[in-house]
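Residue numbers (this note's numbering): 116 to 274.
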């Protein structure tokens, strides 16, 4: 665990799902997938990656999260967020550094993430902390399950 005066970081657990999902649904522009972000799929992800995902907590409230997994070669960050009322306190950077350190110990050499072009705050964050934008790559996906639609959150709360 990592402590600050106001918050702590700890590994994400399957039983955190309700609080983490509530956080995600209060972040403007966040994309929630119908299947991938279900309780069952998030639990499966965490059990497959038991040490790499993290939450930031203030008391018993979850105010930040990163889903982080790897395939033995490269890691991916998903759903990196901090509640609006808790931003600019170093929580996002601390979560990223924590996950990077865990991945280094696992001998993972690269991390990728996707930030929607409309996510101004997220894109500014990644640039500010030194992550590199790749204009030389195109992102492709093929949906194997058409029921796995993405719903975007339209407004942000102060949670």
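C-beta: ideal position from N, C-alpha, C; glycine also.
Query	Result
Span separating the alpha-carbon of residue 196 from that of residue 179	5 Å
Best match in 144, 174, 129 for proximity to residue 156 [C-alpha to C-alpha]	129
Every unbroken beta strand (DSSP E) inside the segment 140–206 [3 residues or more]	146–148, 169–173, 176–185, 189–197
Cutoff 8 Å; reference residue 231; Cβ partners in own chain excluding five residues on either side	144, 146, 237
Close beta carbons around residue 201, own chain, < 8 Å, minus the five adjacent residues each side	122, 171, 173, 178, 179
Endpoints, alpha helix (DSSP H) assigned at residue 242	235–243
Other residues of its chain near residue 224: CB distance less than 8 Å, five sequence neighbours each side excluded	188, 189
Segment limits, beta strand (DSSP E) that includes residue 250	Residue 250 -> no beta strand (DSSP E), and no H or E assigned at all.
Straight-line gap, residue 163 to residue 204 (C-alpha atoms, nearest Å)	30 Å
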